[in-house]
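Position one of the sequence shown corresponds to residue 5 (my numbering), numbered consecutively onward.
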Amino acid sequence: MISRIFRVRMWAPVGVLTSLAYCLHERRGADDQNSVDRSLLELKMVQVVFRHGARSPLKALPREEQVEWKPQLLEVPPQTRFDYTVTNLAGGPKPHSPFDSQYHETTLKGGMFAGQLTKVGMQQMFALGERLRKNYVEDIPFLSPTFNPLEVFIRSTNIYRNLESTRCLLAGLFQCQKEGLSLGSTSQPLSLRSLFFSLPKPRSLFLGPIIIHTDEASSEVLYPNYQNCQRLRERTRGRRQAAALQPGISEDLKKVKEGMGIASSDGVDFLILLDNMAAEQVHSLPSCPTLKRFAWMIEQRAVDTVLYILQREDRESLQMAVGQFLHILESNLLKVVDPATPPGKTRKLYLYAAHDVTLMPLLMALGIFDHKWPPFAVDLTMELYQHRESKEWFVQLYYRGEEQVPKGCPDRLCPLDKFLNTMSIYTLSPEKYHTLCSEAQVMGLGNRE
5 MISRIFRVRM WAPVGVLTSL AYCLHERRGA DDQNSVDRSL LELKMVQVVF
55 RHGARSPLKA LPREEQVEWK PQLLEVPPQT RFDYTVTNLA GGPKPHSPFD
105 SQYHETTLKG GMFAGQLTKV GMQQMFALGE RLRKNYVEDI PFLSPTFNPL
155 EVFIRSTNIY RNLESTRCLL AGLFQCQKEG LSLGSTSQPL SLRSLFFSLP
205 KPRSLFLGPI IIHTDEASSE VLYPNYQNCQ RLRERTRGRR QAAALQPGIS
255 EDLKKVKEGM GIASSDGVDF LILLDNMAAE QVHSLPSCPT LKRFAWMIEQ
305 RAVDTVLYIL QREDRESLQM AVGQFLHILE SNLLKVVDPA TPPGKTRKLY
355 LYAAHDVTLM PLLMALGIFD HKWPPFAVDL TMELYQHRES KEWFVQLYYR
405 GEEQVPKGCP DRLCPLDKFL NTMSIYTLSP EKYHTLCSEA QVMGLGNRE
């Protein structure tokens with residue numbers, strides 16, 4: 005089994021990662037005589053890609069009556085407090101965040117900035133952490149009950165709402181408050197001496213501080229990076245505007261904008277409408293009646309817009325959007341499978357704090373996109389198993405906590421080599437990513453859109 009996996013790796017190093025994500029499901033055919041005896045499977049690794057929790061809108065709608073986003077919505081629930089520090093990928097200082105600087109330039113009515121994680125979002129992320137704790141600490145003894153840096157690797161985009169969402173998830177996962185340990189929510193390293201004397205004995209020590217790794221915006225791979233990939237930028241240039249002119253989308257957009265009193269010339273599309281609508285709904289804030297009336301249609305047309313921009317049949321667009329991220333997930337899996345991997349070079353749990361624009365192309369590449377916008381605090385979880393007797397490897401995939409059957413996998417529990425081979429077309433190594441992104445556009449494709 006292992007040799008077959010690495011033969012796949014030799015000819016398609018980029019594709020293994022995407023495949024891994026697909027295979028994380030349970031075997032569908034439980035009654036099939038060839039079904040795997042799950043009692044003989046041993047969990048070896050888990051990877052979780054999640055969207056941040058609920059936040060304020062990124063851009064207010066051009067209306068006279070504005071929803072108020074008051075600072076009270078930013079109150080930190082005590083149970084979500086958890087100390088962490090942020091470094092770059094090499095362990096150096098936290099990079100500057102141009103996105104946070106941009107968000108702080110937009111003050112919404114009520115006083116909040118654009119894109120701020122709220123109390124509701126913090127509670128959502130804490131709940132996700134509790135679910136992970138139940139799955140991997142309580143139901144099965146896979147992770148230590150307190151944080152162990154030798155078991156967990158954490159990476160986030162360098163945006164404050166994602167860093168704070170990760171904090172809340174970790175608080176739910178490792179439950180420091182229940183251990184009698186009260187931690188702040190700053191991003192400064194925790195004093196090991198003060199931490200030691202504040203810990204109850206003889207419980208296991210908390211090996212802090214927790215480090216969240218992040219990267220420069222210019223080289224980030226946890227979302228489609230239009231700044232770093234010229235070809236992706238050119239290929240999708242104009243598609244967002246063109247999407248608003250497509251039959252069906254155009255008529256529906258006109259209907260909603262007229263109902264809200266928004267001028268047709270205002271640069272408002274279904275993505276902006278959905279962003280405001282979703283933020284208002286999750287916080288139970290008074291919303292425009294038109295947004296409520298057309299809620300389902302707004303979400304569907306926003307999805308249609310993204311599908312038009314990325315174009316599912318456009319393999320290269322998906323590769324450039326999430327190919328490098330898939331390569332990272334793939335590499336994590338292959339390190340566990342490879343018997344030559346030195347001890348300590350892998351983790352039991354990998355956490356990735358990403359965005360809706362990350363999850364949609366990921367789901368499309370995996371063949372499990374449900375044509376619904378990824379909600380706040382949603383997770384895509386990938387599990388890697390090994391059969392105790394045959395030593396074969398399997399992957400299982402969950403989205404929103406529900407088992408999925410990835411493309412190319414006949415069952416929810418998918419043999420790893422089949423999974424990797426099927427999905428190899430979407431992963432990109434850093435070298436191939438840079439080569440593809442820098443290639444000249446063929447026949448001016450981007451300019452025609």
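No residue lacks a Cβ here, since even glycine has one placed at the ideal position from N, Cα and C.
Assign Tyr437 to one of three DSSP states: helix, strand, or coil. Translated into the one-based positions of the sequence shown, residue 437 becomes position 433. Three-state DSSP puts Tyr437 in a helix.
Just reading off the beta strand (DSSP E) that Val156 is part of, what are its end residues? As a first step, residue 156 is located in the sequence shown; it is residue number 152 there, counting from the start. Per DSSP, the unbroken beta strand (DSSP E) holding Val156 starts and ends at Val156 to Ser160.
When Ile215, Arg59 and Leu62 are compared against Gly96, the one with the closest alpha-carbon: Along the sequence shown, read from residue 1 onward, the residue named residue 96 stands at position 92. From the listed residues Ile215, Arg59 and Leu62, the smallest Cα separation to Gly96 is found for Ile215.
Assuming Ala221 and Arg85 form a contact by the criterion Cβ under 8 angstroms, report the distance between their Cβ atoms to the nearest whole angstrom. For the purposes of this step, residue 221 is identified with residue 217 of the sequence shown, where counting begins at 1. For the purposes of this step, residue 85 is identified with residue 81 of the sequence shown, where counting begins at 1. By a beta-carbon distance limit of 8 angstroms, Ala221 does not contact Arg85. Their separation comes to about 28 angstroms.
Nearest-angstrom Cα separation, counted from Tyr230 out to Gly371: The sequence position of residue 371 within the sequence shown is 367, counting from 1. The sequence position of residue 230 within the sequence shown is 226, counting from 1. C-alpha separation (whole angstroms): 23 angstroms.
Buried versus exposed call for Trp73 [16 or more other C-beta atoms within 10 Å across all chains shown]: Counting from 1 along the sequence shown, the entry for residue 73 is found at position 69. With 16 or more other Cβ atoms within 10 Å, it is buried.
How about Arg416 and Leu44: are their beta carbons less than 8 angstroms apart? In the sequence shown, residue 416 corresponds to position 412, counting from 1. In the sequence shown, residue 44 corresponds to position 40, counting from 1. No, Cβ-Cβ distance for Arg416 and Leu44 is not below 8 angstroms.
One question on the structure: do Ser169 and Gly125 come within less than 8 angstroms of each other, judged by their Cβ atoms? Reading the sequence shown from its first residue, position 165 is the one you call residue 169. Reading the sequence shown from its first residue, position 121 is the one you call residue 125. Yes.
Helix, strand or coil for Lys98 per DSSP? The count along the sequence shown starts at 1 and reaches residue 98 at position 94. Secondary structure at Lys98: coil, using DSSP grouped into helix, strand and coil.
May I ask which residues mark the beginning and end of the beta strand (DSSP E) holding Asn92? Residue numbering aside, residue 92 sits at position 88 when the sequence shown is read from its first letter. Start and end: Tyr88 to Asn92.
Quick one: using the 10 Å Cβ neighbour count with 16 as the cut-off for buried, is Ala344 buried or exposed? In the sequence shown, residue 344 corresponds to position 340, counting from 1. When all chains shown are included, Ala344 counts as exposed.
My guess is that Thr240 and Met264 are in contact by the Cβ rule of under 8 angstroms, so how many angstroms apart are they, rounded? Within the sequence shown, numbered from 1, the residue matching residue 240 stands at position 236. Within the sequence shown, numbered from 1, the residue matching residue 264 stands at position 260. Their Cβ separation, rounded to whole angstroms, is 27 angstroms, which puts Thr240 and Met264 out of contact at 8 angstroms.
Classify Ala94: buried if its beta carbon has 16 or more other beta carbons within 10 angstroms, exposed otherwise. Looking up residue 94 in the sequence shown gives position 90. By the 10 Å Cβ count, Ala94 comes out exposed.
Which residue wins for smallest C-alpha separation from Leu338, given the options Val50, Val40 and Arg42? Taking the sequence shown and counting its residues from 1, one reaches residue 338 at position 334. Ranked by how close their Cα comes to the Cα of Leu338, the residues Val50, Val40 and Arg42 have Val50 in first place.
Using a Cβ-Cβ cutoff of less than 7 angstroms, which residues in the same chain neighbour Leu440 once the five nearest sequence positions on both sides are dropped? As a first step, residue 440 must be located in the sequence shown, where it is residue number 436. Result list for Leu440: Arg235, Glu320, Gln323, Met324 and Leu432, in chain order.
With respect to the beta strand (DSSP E) encompassing Leu355, which residues constitute its N-terminal and C-terminal limits? What you label residue 355 is simply residue 351 of the sequence shown in a count that begins at 1. For Leu355, the enclosing beta strand (DSSP E) covers residues Leu353 to Ala358.
Which two residues bound the contiguous alpha helix (DSSP H) that contains Glu334? What you label residue 334 is simply residue 330 of the sequence shown in a count that begins at 1. Taken as a continuous stretch (DSSP letters only), the alpha helix (DSSP H) holding Glu334 covers Arg319 to Val341.
When you compare only the Cα positions, how much space is there between Asp360 and Ala306? For the purposes of this step, residue 360 is identified with residue 356 of the sequence shown, where counting begins at 1. For the purposes of this step, residue 306 is identified with residue 302 of the sequence shown, where counting begins at 1. Using only the alpha carbons, I get a separation of about 12 angstroms.
Tell me the rounded alpha-carbon separation between Gln192 and Leu278. To locate residue 192, count along the sequence shown from 1; it is residue 188. To locate residue 278, count along the sequence shown from 1; it is residue 274. Low confidence applies to Gln192: its pLDDT is 39, below 50, so where it sits in the model is not reliable, and the reading given next is rough at best. Rounded to whole angstroms, Gln192 to Leu278 spans 36 angstroms at the Cα level.
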